[in-house]
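Line by line, the protein sequences are chains A and B.
Numbering-wise, my numbering puts 69 at position 69 of the first sequence, and it's gapless, one number per residue.
If you count the second sequence from 1, you need to add 1000 to reach my numbering.
Glycine is no exception: its CB is placed at the ideal position from the N, C-alpha and C atoms.
Number of protein chains: 2
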Amino acid sequence: MDQPQSGHGTEAANRDKTPRTERGRRTLRKLLDAAAVEFGERGFHDASISGITRRAGTALGSFYTYFDSKEEIFQALVRYMSEQLRDHVTPIVQEAPDEIAAERAGLLSFLGFVREHKEIYRIIDEAEFVDYASYRRHYETTVARMRQRLEAGAARGEIRADAGEVHAWAIAGMNVFLGMRYGLWDETADICDVARIANDLLANGLKRRD
Amino acid sequence: MDQPQSGHGTEAANRDKTPRTERGRRTLRKLLDAAAVEFGERGFHDASISGITRRAGTALGSFYTYFDSKEEIFQALVRYMSEQLRDHVTPIVQEAPDEIAAERAGLLSFLGFVREHKEIYRIIDEAEFVDYASYRRHYETTVARMRQRLEAGAARGEIRADAGEVHAWAIAGMNVFLGMRYGLWDETADICDVARIANDLLANGLKRRD
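Next up, the structure:
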């Protein structure tokens, strides 16, 4: 670090805590994965920094190398989960032959992700109360990607030409609710079937008009 | 009251606190309306019973006539808001000439309700952390009504015959996200336009196949 740090408040939040070594990046990931479990199981108020470092198997000092507070790691965690989800879904979506198939693959991989990371709902949803800006940013960036995909599909003539922002928010909401109902609440639902039914609604709803 | 009461815990929660007079029902509604403002502005943890009674203009004793705790009025409030929303939307939906028009009118009236009751998102969403059973019940009852409507429309031949549970969850999610984006976050969006675009997606997505 080149500059003196106060260790408190926004000034501290601005110091560059990005790890510079592979070992540092591994520790940071361990802390974030542990934070996902700690916040997911206990919720923001009951979660503790010592609970996170214990789960991560790191010293308390490592925590403070990267974060100044529970609030700060929570904020980083929302972004981390949002990026994990994006990195899980994006390559699958990009392999699809067209936009409708991409939305189906996207929903199916999202439902699979929810089954594997059930804590995602609790963490993203708690951000509404702990850090509203992170909550809103998660949805705005997710929907912006979806909208780009729709508009690219429309430009290629695969779906209706007017597909845009309202459609993207509608599809995002559809996916989040189907994930809650069939990914989070219901262990036994056939998620392929859910994705097929929902995608059939979209395939017709977004069909090109000539 | 006929039975001795402990005033604590589940036993107390079981005593019948339904008001028997019109005046009692008015007081109860005043308390619930005040609770919506108090919880909506301050969130569950910072909200207080005295804050609720102050806003309601009632004595503290009136609160304890109907509720034993902050948790109990919060739980009642989630149900109250869920019912208010239902009572706002249902008559509008019932006047629609067919199922697609009903969904459009339903979404439009929901978007209008959100504009008038912005606190609904914060309260329902906070139930996920304060009282999960209420949170889940709100969505399950809302979606069950939607599903009934879809199945009745399918039976009348107005929409595809296989419209059912997955479609109902998809539409509910769509509406909740459109309400957040265009009702809650954006004061200036033309909600008629939003409802028209979303309904056009549904009209085609749910079209009858012969």
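Any Cβ of chain A closer than 8 Å to the Cβ of Ile1123 of chain B would place that residue at the interface, and such an atom is absent. Between the segment 1041–1059 of chain B and the segment 1132–1140 of chain B there are fewer than three inter-stretch CB-CB distances shorter than 8 Å, so the stretches are not counted as touching. A Cβ-Cβ separation of about 20 Å leaves Leu1184 of chain B out of contact with Val1130 of chain B under the 8 Å criterion. Contacts with chain A at 8 Å (Cβ-Cβ) do not include Leu1060 of chain B.
Chain B has no Cβ within less than 8 Å of the Cβ of Ile159 of chain A.
Taking C-beta atoms as the reference points, Ile1120 of chain B and Ala1105 of chain B fail to come closer than 8 Å. In terms of CA proximity to Leu111 of chain A, A:Val89 leads the group A:Val89, A:Gly40, A:Val166 and A:Ile159. Non-local C-beta neighbours of Ile73 of chain A in its own chain, meaning closer than 6 Å and more than five positions away in sequence, comprise Ala35 and Phe67, ordered along the chain.
From the beta-carbon of Val1176 of chain B, the residues of chain A found nearer than 9 Å are Gly173, Val176 and Phe177. It is roughly 23 Å from the alpha-carbon of Gly164 of chain A to the alpha-carbon of Ser1109 of chain B.
Against chain A, the CB of Lys1207 of chain B has a partner CB under 8 Å away; the residue lies at that interface.
For Pro1019 of chain B, there is no enclosing alpha helix (DSSP H), since its DSSP letter is neither H nor E. Think of a sphere of 9 Å around the beta carbon of Gly1043 of chain B: the chain A residues whose beta carbon falls inside it are Phe129, in chain order. When only Cα atoms are considered, Arg1023 of chain B and Ala1101 of chain B end up about 39 Å apart. With distances taken between CA atoms, Ser62 of chain A lies nearest to A:Arg26 out of A:Glu158, A:Glu95 and A:Arg26. Under the DSSP assignment, Phe1067 of chain B falls outside any alpha helix (DSSP H); it carries neither an H nor an E label. What Val194 of chain A touches in chain B, judged by beta-carbon distance under 8 Å, is Val1166, going in chain order.
For a cut-off of 8 Å, the C-beta gap from Arg1208 of chain B to Ile1159 of chain B is around 6 Å, short enough to register as a contact. Taking 8 Å as the cut-off, the Cβ atoms of Ala195 of chain A and Met1174 of chain B do not count as close. Looking from the CA of Ala198 of chain A, the closest CA among A:Asp186, A:Ala172 and A:Glu187 belongs to A:Ala172. The shortest C-alpha to C-alpha distance from Asp1046 of chain B to any of B:Arg1029, B:Tyr1064 and B:Glu1071 is the one to B:Glu1071. Distance from Glu1128 of chain B to Leu1202 of chain B at the Cβ level is roughly 27 Å; contact not present, criterion being Cβ atoms closer than 8 Å.
At a cut-off of 8 Å, the C-beta of Arg1181 of chain B has a neighbouring C-beta in chain A.
Taking C-alpha positions only, Thr1065 of chain B is separated from Asp1033 of chain B by approximately 16 Å. Residue-level contact check: Asn204 of chain A touches chain B, since one or more beta carbons of chain B fall below 8 Å from its beta carbon.
Annotated as distal: Ala1168 of chain B and Arg1136 of chain B, with beta-carbon spacing of 8 Å or more. Following the DSSP letters along the chain, one finds Ala154 of chain A inside the alpha helix (DSSP H) bounded by residues Tyr132 to Ala155. Here DSSP, grouped into helix, strand and coil, assigns His167 of chain A to helix. Each residue's CA atom was taken as its position, placing Gly1051 of chain B and Glu1038 of chain B some 7 Å apart.
Straight-line spacing of the CA atoms in Val1166 of chain B and Asp200 of chain A works out to 11 Å. Taking 8 Å as the CB threshold, Leu1111 of chain B stays off the interface with chain A. By the C-beta density criterion, Gly1153 of chain B is buried, having at least 16 other C-beta atoms within 10 angstroms. Under the Cβ distance rule, Ala1170 of chain B counts among the residues neighbouring chain A, one pair being separated by less than 8 Å.
The beta-carbon distance between Arg1122 of chain B and Gly1040 of chain B, rounded to whole angstroms, is 5 Å. This is short enough to meet the 8 Å contact definition.
Between Gly1205 of chain B and Gly205 of chain A, the C-beta gap is smaller than 8 Å, which places the two residues in contact.
Where Thr1053 of chain B is concerned, the enclosing alpha helix (DSSP H) starts and stops at Ile1049 to Ala1056.
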